[in-house]
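> Residue numbers (this note's numbering), protein chains in the order written: chain A, 273 to 540; chain B, 100 to 372.
Backbone N, C-alpha and C fix where the C-beta goes; we use that ideal spot for every residue, glycine too.
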């Protein structure tokens, strides 16, 4: 078996491990779909109400629904990386994994693949239900949707890897970060409003988040029917940097864990 | 009549294996950042196709040593060669040829036994994984457990499955941390029989950390006794019994640990293998 084939086989093994877990546990599948759907329903009603009140919003009836679905891409992608890694800690399986031929970068790639799967299931189901409930299809954005989805997915991966690095270094005590870290950047990501409404001093912070460029781009597509490629490429560039930082932190934390003997003893 | 422990500890060590050792450890040291030295200059060799035991009380440094051999823990200094490969530089060249089992490292609880084994078979690149899993299940007598969640198994059943996981890739070197911990005598005896048979058939080298002296006497050609991060006695079980003038390994072990408590012997650095 060649090196690349063997490597792909190991990545596949980890994806398989997670699909076994999903297949054998309907509550896990429900959990994936539940929150994006609840969020979509809530913002769908808010959207319906505000469309009648706001000329701005009336230009694009599904604006808030699109925003909440795309926001959940980011959130689910991040959780998809961090929670799946936590599963290995909960099951005390890390010692077996890291004495197998599985390389750390292969584990990272497997986590990203599983995250994509989880995000597609969770947000995909909510997007389909939005068609049923509100007659709004986010899929009408076509290839632009793919551009937004990919950028938010990658940003979620990067944050997820940073959270995993913290847990590798500080133990499961840092686990709750997986749930809250994303909400710290929500206000400056321009999910539901343009970042121009932020105070001047906060706008530069928003500019260094790929998500803010994505949501500005989404509004341009929905309200002005144009795709701002400059925003797209800025998001891509930032994501490359964030993903490298996330992967670098993970690998660094892994080395620290090996030096400190944490791989067999990670706990609270 | 019992020889004095000090006299026995200073007696010559067991002979060095003539062939290239399967495991060669030299001057291994692990110091943690806060100044705790868990392993302090350990050197030993394990000949190919033999079983060697690491004995020692709690905190003696056995698990730390095994963790370093596996690459889970980076040593502060020293060298580790397994099957002639430098583990610190090229661990991924040798990991596919190794197996590991420990009661303190679990498999995912919610996956069934067969799912767990198939995942690990793929991680190790085992050809025809289903067939290999079926072979091991038949051999270790857990075919009826294959479709049960791993988390629902008893301690003995888990140990058998964990052993099967460690044998999936037909390892040339098998590292085991307390392979029969918390097993009833019947289950423990079966595991030991499997290990003996595997070593004989495959010519595998086994290094096990254990508190079970009967197990060590039955399985091991070489015994290394650790205390305070150092190897303080080594040899075949027979050599140790003769050197310490005791009837059983347990008595040797107790003699060493109690003698230490009484402060009668200094902790000796490991001599070169």
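On the DSSP letters alone, give me the boundaries of the alpha helix (DSSP H) that residue 151 (chain B) sits inside.
Translated into the one-based positions of the second chain, residue 151 (chain B) becomes position 52. No alpha helix (DSSP H) contains residue 151 (chain B), which is instead part of the beta strand (DSSP E) from 150-155.
> Under DSSP, the beta strand (DSSP E) around residue 264 (chain B) begins and ends at which residues?
Within the second chain, numbered from 1, the residue matching residue 264 (chain B) stands at position 165. Here residue 264 (chain B) belongs to no beta strand (DSSP E); instead the alpha helix (DSSP H) covers 254-266.
> Please determine, among B:302, B:289, B:356 and B:225, the residue with the shortest C-alpha to C-alpha distance to residue 277 (chain A).
Walking along the first chain from the start, residue 277 (chain A) turns up at place 5. Nearest option by C-alpha distance: B:225.
> So, with DSSP's three-state summary, where would you put residue 178 (chain B)?
Against the second chain, residue 178 (chain B) aligns to sequence position 79. Residue 178 (chain B) falls in the strand class under three-state DSSP.
> Give me the chain B residues within the contact set of residue 284 (chain A), using Cβ-Cβ distance strictly less than 8 Å, ordered along the chain.
Here residue 284 (chain A) refers to the residue found at position 12 of the first chain. Per Cβ cutoff of 8 Å: 221.
> If you drop the 5 nearest sequence neighbours on each side, which residues of the same chain put their C-beta closer than 7 Å to that of residue 521 (chain A)?
As a position in the first chain, residue 521 (chain A) is number 249, starting the count at 1. Closer than 7 Å at Cβ, skipping near neighbours: 433, 434 and 437.
> Quick one: what does DSSP say residue 124 (chain B) is sitting in, helix, strand or coil?
By one-based count along the second chain, residue 124 (chain B) stands at place 25. Note: residue 124 (chain B) maps to strand in three-state DSSP.
> Let me check one thing: in DSSP terms, what residues is residue 333 (chain B) bridge-paired to?
The residue given as residue 333 (chain B) occupies position 234 in the second chain. Answer by DSSP bridge pairing, in chain order: B:323.
> Going along the chain, which residues of the region 191-205 of chain B sit with their C-beta nearer than 8 Å to a C-beta in chain A?
Hits within the stretch, in order: 191, 194, 195, 197, 199, 201, 203, 204 and 205.
> I need the straight-line Cα distance from residue 293 (chain A) to residue 395 (chain A), nearest angstrom please.
Position 21 of the first chain holds residue 293 (chain A). Position 123 of the first chain holds residue 395 (chain A). Straight-line Cα distance between these residues: approximately 19 Å.
> Closer than 7 Å between beta carbons: that is the criterion. Which residues of the region 348-377 of chain A meet it against chain B?
Here the close residues are 363, 364, 365, 367, 368, 370, 371, 372, 373, 374 and 375.
> Can you tell me where the alpha helix (DSSP H) holding residue 233 (chain B) begins and where it ends?
Here residue 233 (chain B) refers to the residue found at position 134 of the second chain. Segment 228-238, the alpha helix (DSSP H) holding residue 233 (chain B).
> By the three-class DSSP mapping on this structure, what secondary structure does residue 284 (chain B) have?
On the second chain, residue 284 (chain B) is found 185 positions in, with the first residue counted as 1. Residue 284 (chain B): helix per DSSP, three-state reduction.
> Using a 10 Å radius around the Cβ and a threshold of 16 neighbouring Cβ atoms, would you call residue 325 (chain A) buried or exposed?
Along the first chain, one-based indexing puts residue 325 (chain A) at 53. Label assigned to residue 325 (chain A): exposed.
> DSSP puts residue 145 (chain B) in a beta bridge; with which residues?
Position 46 of the second chain holds residue 145 (chain B). Bridge partners of residue 145 (chain B): B:122.
> Residues in its own chain within less than 8 Å of residue 337 (chain A) by CB, not counting five upstream and five downstream?
What you label residue 337 (chain A) is simply residue 65 of the first chain in a count that begins at 1. If we look at residue 337 (chain A) and ignore the five residues flanking it on each side, its Cβ neighbours are 312, 315, 316, 319, 402, 406, 408 and 410.
> Excluding the 5 residues flanking residue 465 (chain A) on each side, which residues of the same chain have their C-beta closer than 6 Å to its C-beta?
On the first chain, residue 465 (chain A) is found 193 positions in, with the first residue counted as 1. Cβ neighbours of residue 465 (chain A) beyond the five flanking positions: none.
> Could you have a look at residue 345 (chain B) and say whether DSSP puts it in helix, strand or coil?
The count along the second chain starts at 1 and reaches residue 345 (chain B) at position 246. Three-state DSSP puts residue 345 (chain B) in coil, outside helix and strand.
> Less than 7 Å between C-beta atoms, sequence neighbours within five positions excluded: which residues of the same chain meet that for residue 256 (chain B)?
Taking the second chain and counting its residues from 1, the one referred to as residue 256 (chain B) is at position 157. Cβ neighbours of residue 256 (chain B) beyond the five flanking positions: 241 and 244.
> Does residue 455 (chain A) pass the burial test, meaning 16 or more other C-beta atoms within 10 Å, or should it be called exposed?
Counting from 1 along the first chain, the entry for residue 455 (chain A) is found at position 183. By the 10 Å Cβ count, residue 455 (chain A) comes out exposed.
> Look up residue 199 (chain B) in the DSSP assignment and say whether it is helix, strand or coil.
Within the second chain, residue 199 (chain B) is the residue found at index 100, counting from 1. Strand at residue 199 (chain B).
> Give me the Cβ distance between residue 310 (chain B) and residue 350 (chain B), rounded to the nearest whole Å; I'm assuming they're in contact under 8 Å.
Against the second chain, residue 310 (chain B) aligns to sequence position 211. Against the second chain, residue 350 (chain B) aligns to sequence position 251. Not really, about 15 Å apart at Cβ, beyond 8 Å.
> Between the region 376-396 of chain A and the region 344-355 of chain A, can you find at least three pairs of beta-carbon atoms closer than 8 Å?
In short, these stretches touch, since the Cβ pair count reaches three.
> Identify each residue in the region 123-141 of chain B for which the Cβ-Cβ distance to at least one residue of chain A is less than 9 Å, and report them in chain order.
Answer set for the region 123-141 of chain B: 129, 131, 132 and 137.
> Going by other Cβ atoms of all chains shown within 10 Å of its Cβ, with 16 needed for buried, is residue 362 (chain B) buried or exposed?
Locating residue 362 (chain B) in the second chain gives position 263, where the first residue counts as 1. Bear in mind that a pLDDT of 46 at residue 362 (chain B), under 50, signals an unreliable position, so the model cannot answer this.
> Could you pull out every residue in the same chain whose Cβ sits closer than 7 Å to the Cβ of residue 118 (chain B), ignoring the five residues on either side in sequence?
Counting from 1 along the second chain, the entry for residue 118 (chain B) is found at position 19. Counting only Cβ-Cβ distances below 7 Å, and skipping sequence neighbours, we find 146 and 147.
> What three-state label does DSSP hand residue 283 (chain A) in the structure shown?
Working through the first chain from its first residue, we reach residue 283 (chain A) at position 11. In this structure, residue 283 (chain A) counts as helix in the three-state DSSP scheme.
> Is residue 274 (chain B) helix, strand or coil when you go by DSSP?
For this step, residue 274 (chain B) is matched to residue 175 along the second chain. If DSSP states are grouped into helix, strand and coil, residue 274 (chain B) belongs with the strands.
> Does the separation of the CB atoms of residue 272 (chain B) and residue 325 (chain B) fall below 8 Å?
Taking the second chain and counting its residues from 1, the one referred to as residue 272 (chain B) is at position 173. Taking the second chain and counting its residues from 1, the one referred to as residue 325 (chain B) is at position 226. No, they are not a contact pair.
> Hey, how far is the Cα of residue 287 (chain A) from the Cα of residue 382 (chain A)?
Within the first chain, numbered from 1, the residue matching residue 287 (chain A) stands at position 15. Within the first chain, numbered from 1, the residue matching residue 382 (chain A) stands at position 110. Spanning the two alpha carbons is a distance of roughly 6 Å.
> Would you check if the region 203-210 of chain B and the region 373-381 of chain A touch, i.e. whether three or more CB-CB distances between them fall below 8 Å?
Segments in contact, no.
> When DSSP labels each residue in this structure, what does residue 130 (chain B) get in the three-state scheme?
In the second chain, residue 130 (chain B) corresponds to position 31, counting from 1. In the structure shown, residue 130 (chain B) sits in a strand (DSSP, three-state: E or B).
> Are the CB atoms of residue 332 (chain B) and residue 339 (chain B) within a distance shorter than 8 Å?
Your numbering for residue 339 (chain B) matches position 240 in the second chain. Your numbering for residue 332 (chain B) matches position 233 in the second chain. The answer is yes: Cβ separation under 8 Å.
> Name the two residues that bound the continuous alpha helix (DSSP H) containing residue 388 (chain A).
For this step, residue 388 (chain A) is matched to residue 116 along the first chain. Unbroken alpha helix (DSSP H) run through residue 388 (chain A): 376-406.
> For residue 442 (chain A) and chain B, any beta-carbon pair shorter than 8 Å?
The sequence position of residue 442 (chain A) within the first chain is 170, counting from 1. By this cut-off, residue 442 (chain A) is not an interface position.
> My output table needs one value for residue 305 (chain B): the three-state DSSP class, helix, strand or coil.
Your numbering for residue 305 (chain B) matches position 206 in the second chain. Strand at residue 305 (chain B).
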